[in-house]
Structure formats: C-alpha cells, structure tokens
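Chains R and W, in that order, give the protein sequences.
Residue numbering for the first sequence is 1 to 401, as defined by full-length UniProt numbering.
Residue numbering for the second sequence is 1 to 401, as defined by full-length UniProt numbering.
Yeah, the Cβ is synthetic: ideal placement off N, Cα and C, and Gly gets one too.
Quick caveat, the model's predicted, so the values are computed rather than measured.
Number of protein chains: 2
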Amino acid sequence: MSVFGLTDAEVIAHVRAVSGDQHDARGVRRLFARAAWSGIAEPGDRMAGVVVGSVGADVALEALLAGWSAERWQAELSHSGVGTVTAAEIGSAVDRWAPRLNSAQVLRSLSHAARFAVRLLTPEDPGWPVPVDELSVHAPLALWVRGRLDDFQVVERSVALVGARAATGYGEHVTMESTVGLVERGFAIVSGAAYGIDGAAHRAALASHGTTIAVLAGGVDRFYPSGHDALLTRIVDSGAVISELPCGQPPTRWRFLQRNRIIAALSRATVVLEAGWRSGSLNTAGHASQLGRPLGAVPGPITSAASAGCHRLVRDYGATLVTGAGDMAELAGDTVTERVTERRSAEQTRVLDALAVRSARPVDDIAARSGLAPADVVAVLGVLHLEERVVEHPGGWVRRS
Amino acid sequence: MSVFGLTDAEVIAHVRAVSGDQHDARGVRRLFARAAWSGIAEPGDRMAGVVVGSVGADVALEALLAGWSAERWQAELSHSGVGTVTAAEIGSAVDRWAPRLNSAQVLRSLSHAARFAVRLLTPEDPGWPVPVDELSVHAPLALWVRGRLDDFQVVERSVALVGARAATGYGEHVTMESTVGLVERGFAIVSGAAYGIDGAAHRAALASHGTTIAVLAGGVDRFYPSGHDALLTRIVDSGAVISELPCGQPPTRWRFLQRNRIIAALSRATVVLEAGWRSGSLNTAGHASQLGRPLGAVPGPITSAASAGCHRLVRDYGATLVTGAGDMAELAGDTVTERVTERRSAEQTRVLDALAVRSARPVDDIAARSGLAPADVVAVLGVLHLEERVVEHPGGWVRRS
C-alpha cells in the first residue's frame, strides 16, 4: 500500500470515508486507485480506459508511478487482448497523466467528498450502473455520488430527458407532463441539471415523487449551475447527483460534452424535448445513437427556433418522433435491459466456467481462463459473491458446488 | 357513330363544345366515349380501367351497349395482357355499369360542361397530366377541367398541400408561408379546396401569383364547399378546378376518398400540414405512399390535436418531417419527373419501332407490334405527332424518316 508513499492508515481512512468499511486491503487499494484515476484522466480518455480495463486501476496507477516505459506498457497490454496500442499513444497518454500524479490532490478530493457525504462508486460495486459499461474504453472510471440513491440498477428503467437551456413555456410544459407520465410508469429520470428543460424534468420528477439523477460536468461538491443550488439539494435528498469527476474539479466545455455521454449511457432511452439548431442536447442525442440506444425527439411548432433541433433529429438523424410519456416509455421499452442481462449472464457463465470448486484461483488466472478483462472479472465476481455462488479465499476464488 | 343511337351531328357538336375542333371522327368518338365512361364508372373502378385500357373507351362503350357476354369480354381481355379477369368480375362490373348507360345524361353533362366552359381532357391529349397514369387501372378515365390552365404538364413540378378542415391559426399560417415559398421555387400547388388547410394553400398560391389546381369530388359545374365559391372562381381565373366526374355529379363520401388519390397522383410530393388523428388527409397521404411518391408532414405542438395526425404519419407511416418550403421542395425533388420521362421515352421508342416509314399502320396494329395498350399508343402518337416525328395518313400512322 505504498502508493504515492502514503501510509496504509491514510489511504484506508480516506477511502473508507467514501465507501464504507466492507472492503479488504486489496479492495481499498483498488478504490483508492479508481479515485486517483478519476482525477488523472479527463472524462472519456480512451487510453485510461484501456490501461485500467487491462491491468486494473491499482496496477495501472503503480505502473504510472513506477514510470513504465512505452515498450513495457505495450508488452503488458498486448497480453490482455485490447488490440494494438502504439508506443506513441501510450507515450502521449503517460505525458498527459504524469502532471496530475499528485497524492495531495487525491487525498484532498477524498476528504472533500467525505465532508459532502459523497460516495465513490466503482464497477466492482453491485450498485454500479452496468449500462454505462457499454461505453467500453470510454466508460467512466468511477462515479462520485451525492444523494440518497445507492443502487443504480434503477437506471435499467430510466429515460434521459434533455433539452435546451433556452426552453419555451411549451417545452417546459411538455417536459413536466412527460416526466410525470414516465414517473407514473416507474421510470427514473436522468438529466443534466441545466436551466430550461433539464431543470423542468428534475423538478417534475421530484414533485411526482419519482427517482431522478442529475449528472454534473464537475465535482458534485459544487453545484452547477449555482442558480440550481436549491434544486440540486432537493435531488440529493431523494435521488442522486453524480459525476465522474472528483470533488474540487470544475466543469469545462469538454467535460460538459463528456458528461452528456454519461447521461445517454445511463438511460435506456434519451429524449430531446426542445433544442435549437445547434443545441448541446444534440450532443447527448449523438451519444445515445452511438450506443445504439433509442433516441426520441418531441416536435413543436416549426415557427419555434427552440424545436428546430428536435425536428432535425427526426428528419436527419433517425430519432423517433415522440408525443408524450406513452411514446417515451415505449421507446425505452427497447432491449437494453435484455441486452445487459444477456451480456451479464454470458459473463457470469464464463467466470463460473473459469472457477474450480476446490482450488482457489486468483483474478488474473480467472481473467486468462475466461477471456475477460480482470476488471470485468472482479465486477462479475462481486455479483456472484452477492448471490453466494462464489467464495473468496486467501489464494483467490472458488465456485460453490 | 351510332353510339346510343345518337346522330353524328349531335355527338360532334357536343364533343367539340368541350374539346375544340381539331379532332377527326374517330377522335370525337373516343372523346365521347371517355365522357360517357367518366359518368358510367365510379372513380377508381378497377374493371373500368381494365376494359378501357385494353380495348379503348369507344370499343368498350360499344361492347357494353351491344351487351357482350362475360365470356366474350374474357376472350377479348385475354388478348390484351391485363392478366386474369374472372367472369364474375366482368359480370358484376357490367351489372353496375348498365343502369348508367343513359345517352341523355351524357349529352346533358356535355352541354352542361360547355355552358361552364369546362374542357374534357383525356390521356390522348398532350396536356394530360401523365403522372396520374401511375394509378394504372385506377387512373381517371377523363378529367373535366374548368379554368385557365390548359397544359397539366405543370404538375411535374407540383406539391399537394393538404390538411384538416379544422385547422388552427398555426396550421393556416404555416400553410401560407410554405405555399409562398413553394410558388417562389416554381412549384404548382395542388389541393382539394376544402375549408382550413386546403383553402389556405389555394389562397396563398393565388396571392403569390402561383399556379394552383383544385381537385373536386363532384362535377366542376357546382363548387364544393359552397362557402368557397369565390375562392374557386378565382382559381378558375388563373389555374384550374378539375374533377374526374362529369358535370352534374354530386360529391359523395366515396368520391371524396377517390378524389384524394387524384390529388396525390397529380403531385410530385404530398405534404400534410395539419391533421387530426383520423383526418381525411391521412387518406391522401396513404395514396401518396401507395404510389411511392414522397410524403411529408409538418409537425406542430404535441398539445395540439390538429397536429396529431401529422405526428402519426412521421412516427408510424414513414412520412418525412418537413419544416418549411425548402424541405418540401427538396421532398418534391424526387425522381418522379425522371421516372415519368423515362417511361414516356421507353414507350415512344416502342411505338417508333412499331412504325414504318412507308406503309401506314393503324393503331391496333401498332399496339400489337409494340405490346402497348391501344390507348397508350394513341397517347404516345399524340406526343410524337406534336414533335413532328410521326404523320397520320388515312390508313394509319407512319414514322418520319
């Protein structure tokens, strides 16, 4: 536990403050590494996804601190089946990560998080929102969660409602009506807490006692926009305000765009309720399309500039025209849950096949036998453990007979 | 010229009053037969299309008067490659046509037409709107035209603008703006002269000095709806009010539905501007789709019942969402003209191939050699004649060398 030269006690205290005390030494080290990575790599950094997914967050962080050469990285990554990574790619990635290797900053973000009752959620956590993993190498490395919600499996029945900040009365009205209808149908509402459509969606979800999740582009310790302070505080009281960025990190233009990919990836369907011709919500829509998630757009008067982006989505980008909560629920009744469940079940089968009943096997061995990335193996073992189908021993994992 | 036992003079006088005096005896007989058929068969009568298309309107009328047996019809039709026609089909068709074999009524509709300066247009006429022939056996047998327009080739650059009678201010505003934009781009506007959207389209076309065509569900001697008397009179002054029904025929529910197929078939694209969930304009939209013509729908507020049909067309029936004249023009920039031109050119080639430079050949001979229906041969000869590529002799037609 010599990471960053910190003492075990320092690391354990900081990590437990944001993740509870059910983790063993290795678990704590991994969580600490995830926390560090979430501040080292910018959101959506493909190479960070590759190295963390291949060797694990902890090993990747240690390697970074140890100053592995590009060749060493290439050799290591070539074992894990992530495809070709050039020396230039890994070299430039290490160059952009190195300036952020700052132990004080990691500890500060953790203690900051603890002060705001922010939890650190990682893919190993059973409450992790599995659909975001479909972002693959662009998936968030961790999520910082502020709020009451602690199991993000709710997103398997969710709709992202997004749209213009400069919403019209029509747009806000339709957003509220749609939100109420979706909440009645048991859907969680995901949005970005911006003024206009986002705010209307969150507000209507709260008013109808639904679950709502706000995804921010900066640390969840500081609410943005500040004019939505009261709204975000209310979301914390019943739902969750989340971010892939650690506390203390400000939102940037890039982070807003990357935040949109999380909104899309968290939700079974994304619906744009009002959007100008060049609205940022078209970016969220683009992410939903790239993920193969259903995309809906609400039409409006063609005389309203605030609906031009919605019409564009329908005409040129294959969005489904939706006219209310019924349509939106139908749209979200796609096969995402089935796909995720299927993939999960396939991964579970592969991990179980890679386990023995008598001899304990370490994660790396299971990864090699199953053909899954170590991080995925850890995630699947977590679920199997909860279901009491595997047992952890000092030397690794065994399958219960 | 013993049709109906009328004298030659009677027939010639009546026909010339609605079609000018450039027709020879056979031409007059054919026109008279088309006029008669347009009153004998209800709009869209498939069997009427089959028999007229196969043996020609004049022969078909004579056969009907002569009381051909079903077997005789079958034998005759089997030569002309229209596919199988059962004895029951032809029998029941003859049964529904027989009660309408009324020479007085044909003469009355012709003199009525003459009084209102209505012209009789048939597929042989160079001004015939060729795109309606894509309705094949459901094509109109004749068109009665009241107005200034005498060459319907203008429809090769036209858009049908249709919609609800119960239009909103938004719908009428959008219709007018769109119409003006289309007229500026050189499009003719086709519609049904109904209250609401149709009326707004015609009115805006007139106001912007565009060409507009109103298609009625009854004879053009009596304007419907009567509240649009002044509007229809203005359309007559610059464009055309047309119907496939002869003068004196009232509109019926069936005729309204069939009228919609003419609106769709006349236009390169059909756009629905406002329509309730069960609006009659969805019927026009259905005809456009069946014809493979581009179909557009203008969105509106989802809170407006008058836009529900438009949204339905986009979501469930593959209509393109259009937001203004630019979109509509693009939609109409489809390949209808090209398709029609191609087909025409193919037919011309076949007819020219079937002609000789020295020996004159009658239409039936040309039809047999070219594999085209006699009616089509006559239509193609008409065009070739205008282009001075063929010459008519007493014994038939020759190709100019």
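Taking 8 angstroms as the CB-CB limit, is residue i close to chain R?
i, result
"residue 317(W)", "no"
"residue 302(W)", "yes"
"residue 299(W)", "yes"
"residue 215(W)", "no"
"residue 270(W)", "no"
"residue 324(W)", "yes"
"residue 228(W)", "no"
"residue 321(W)", "yes"
"residue 202(W)", "no"
"residue 162(W)", "no"
"residue 236(W)", "no"
"residue 391(W)", "no"
"residue 50(W)", "no"
"residue 314(W)", "yes"
Which residue's Cα is closest to the Cα of residue i: the options?
i, options, result
"residue 243(R)", "231(R), 228(R) and 221(R)", "221(R)"
"residue 78(W)", "100(W), 69(W), 54(W) and 60(W)", "54(W)"
"residue 184(W)", "198(W), 212(W) and 286(W)", "212(W)"
"residue 162(R)", "282(R), 378(R) and 29(R)", "282(R)"
"residue 238(W)", "63(W), 271(W), 202(W) and 136(W)", "202(W)"
"residue 58(R)", "142(R), 18(R) and 115(R)", "142(R)"
"residue 118(R)", "107(R), 365(R), 246(R) and 234(R)", "246(R)"
"residue 166(W)", "150(W), 194(W), 147(W) and 187(W)", "194(W)"
"residue 291(W)", "305(W), 297(W) and 269(W)", "269(W)"
"residue 24(W)", "8(W), 230(W) and 38(W)", "8(W)"
"residue 206(R)", "232(R), 318(R), 299(R) and 397(R)", "232(R)"
"residue 66(R)", "101(R), 43(R), 17(R) and 219(R)", "101(R)"
"residue 240(W)", "390(W), 272(W) and 266(W)", "266(W)"
"residue 295(W)", "155(W), 314(W), 306(W) and 277(W)", "314(W)"
"residue 41(R)", "258(R), 225(R) and 330(R)", "258(R)"
"residue 254(R)", "225(R), 178(R), 263(R) and 217(R)", "217(R)"
"residue 179(W)", "46(W), 230(W), 169(W) and 210(W)", "210(W)"
"residue 46(W)", "69(W), 19(W), 12(W) and 92(W)", "92(W)"
"residue 144(W)", "150(W), 223(W), 120(W) and 311(W)", "120(W)"
"residue 86(R)", "51(R), 110(R) and 64(R)", "51(R)"
"residue 105(R)", "20(R), 249(R) and 122(R)", "249(R)"
"residue 330(W)", "181(W), 60(W) and 18(W)", "181(W)"
Which residues does DSSP list as the beta-bridge partners of residue i?
i, result
"residue 156(W)", "In DSSP, residue 156(W) forms no bridge with anything."
"residue 119(R)", "145(R)"
"residue 457(W)", "This structure cannot settle anything about residue 457(W), because the visible part of chain W is limited to 1 through 401."
"residue 161(R)", "271(R)"
"residue 361(W)", "397(W)"
For the beta strand (DSSP E) that residue i lies in, which residues bound it at each end?
i, result
"residue 243(W)", "240-243"
"residue 167(R)", "Residue 167(R) -> no beta strand (DSSP E), and no H or E assigned at all."
"residue 397(R)", "396-399"
"residue 271(W)", "269-272"
"residue 215(W)", "212-215"
"residue 190(R)", "188-191"
Just curious, the alpha helix (DSSP H) that residue i is in, first and last residue?
i, result
"residue 41(W)", "From DSSP, residue 41(W) is part of no alpha helix (DSSP H); its letter is neither H nor E."
"residue 392(R)", "Element bounds for residue 392(R): not the alpha helix (DSSP H) but the beta strand (DSSP E), 390-393."
"residue 302(W)", "Taken as a continuous stretch (DSSP letters only), residue 302(W) belongs to no alpha helix (DSSP H), as it is neither H nor E."
"residue 94(R)", "87-97"
"residue 372(R)", "No alpha helix (DSSP H) holds residue 372(R); DSSP gives it neither H nor E."
"residue 322(W)", "Here residue 322(W) belongs to no alpha helix (DSSP H), and DSSP marks it neither H nor E."
"residue 285(R)", "281-290"
"residue 8(W)", "8-19"
"residue 151(W)", "Per DSSP, residue 151(W) belongs to no alpha helix (DSSP H) and is neither H nor E."
Determine, using beta carbons only, whether residue i comes closer than 8 angstroms to chain W.
i, result
"residue 170(R)", "yes"
"residue 159(R)", "no"
"residue 311(R)", "yes"
"residue 241(R)", "no"
"residue 395(R)", "no"
Compile a chain-ordered list of the residues in the segment 174-185 of chain R whose CB is closer than 8 angstroms to at least one CB of chain W. Here the close residues are 174.
Contact set between the segment 58-92 of chain R and chain W, restricted to residues whose Cβ is under 8 angstroms from the partner: So the list is empty, because no residue satisfies the distance condition.
Just by C-beta distance, which residues in the segment 11-29 of chain W are closer than 8 angstroms to chain R? Listed in sequence order: no entries.
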